[in-house]
Each structure stands twice: as C-alpha cells, then as structure tokens.
Amino acid sequence: MLTVFLLICLVAGAFLAWRFRAFLPLPASGPLPLRAGRHRAAPVEPTVTARTEDGAVPSFLPPGLEADELEADDIQWLLERRRASLQKEETAHLQRESAARFEELALQLDALALRLAALQERMAAWKGALLEREALQLAYEQLRSEHLDQQYGLDALRSENERLQAELAEARKESLLDYEENERLKKQLALLRSLTREGF
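Sequential numbering of the sequence shown, starting at 2, is according to our numbering.
Pasting the structure below:
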C-alpha cells in the first residue's frame, strides 16, 4: 500500500509540474537529466497575436512549450525507472521476507517433527503397555477360570464329603441299633438258657 501511495504522489507531482512549469522557477540544481540521445530544445519566445480592431486583449502561448513537453517525457521516463526500481526493491523485499518466512516455517516443521517423534515414541510405549496389559488380563482370566474350576471341584468334594459323613452317621446309627439288638438278643438267649437249666 505504501508503494502504491508513493507512485500516486509521484505521478500527481509530475502532472502538476508539467501543468505549472511556466509559472515555477527552475531549481538550483538545474534541469532534470535527459535520456540518452535526447536534447533540450531552445526556449521559445512567446508570440503575441495582433490586436484586433475592436480592441481585443492579445493572447500569449506558454513559453518553452516544447521544452516542457520534453521534460514531461523525461519525468515520465524517470517515473517508469523509479517504478521499476520500486518494483525490484519490493520483489527483493518479498523474496527476503519469503526466505525468512521459509526459514521460520522450516524451524517450525523441525519442531513439529521432533514433537511427532516424541509422540510416536510415547504411543509405542503406550501400545506396548496395552499389549502387556492385555496379556496380563488374559492370564488373569485364565487363572480366574482355573480358580473357579477348582472352587467348583472343591464344592463338589465338600458336598461328597457331607454326603459320606451323613451316610457314615447313618451307618453308625444302624450299627448301634444292630449292636443294641444283638445285646438284647444275647440277654434273651441267656435268660432262656437259664430257664432251660432250671427246668431240667
């Protein structure tokens, strides 16, 4: 935007200098430089028109019109050179900015690459930890299944033991009844033998 503003100011200044050249004093440094092969024309004296019969005021042509036209061409040429120089400077500035921006982007890319490598390493560690956790989970499930199987077997053995203990208690009870019945029969037999001896 600044370059465009400067160009507009230069063009406006050249136009005003061309329009009001006849009314401005020449600069102390002399006239503007000419392009190669150009020569300034000699100043043209103002020409006066003849006075008319009705007393019209004489009109004057601008003095040095041809010189002003040549100087206007020179100014236009200088403007074009200045515009080309400004464009070149702007291009060089943009190239420098592009190089600096490219270097900054390269540094940012390097930093991002380092962060990505660190994240990938961390993700690999997490993946290894997850695989190890899955292996431990499978081992835990297997041990839990084996523990449940053992628990079921222990419950079955406990039930079988309780059944055997109940059967043993029943057998002991029956054995005790048999023993008592045997003792009672023995007593009756002894009593019968005693009565038999007394009868004979």
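Virtual Cβ for every residue (Gly too), placed ideally from N, Cα, C. Every value quoted in this text rests on a predicted model; they were computed, and no experiment measured them.
By the 10 Å Cβ neighbour count, where 16 or more other Cβ atoms means buried, how is residue i classified, buried or exposed?
i, result
"R185", "exposed"
"I9", "exposed"
"E72", "buried"
"D150", "exposed"
"D69", "buried"
"N183", "exposed"
"Q189", "exposed"
Whose CA, out of the options, lies closest to the CA of residue i?
i, options, result
"L82", "L11, R134 and L137", "The question names Leu, but residue 82 in the sequence shown is Arg. R82 has its Cα closest to that of L11, out of L11, R134 and L137."
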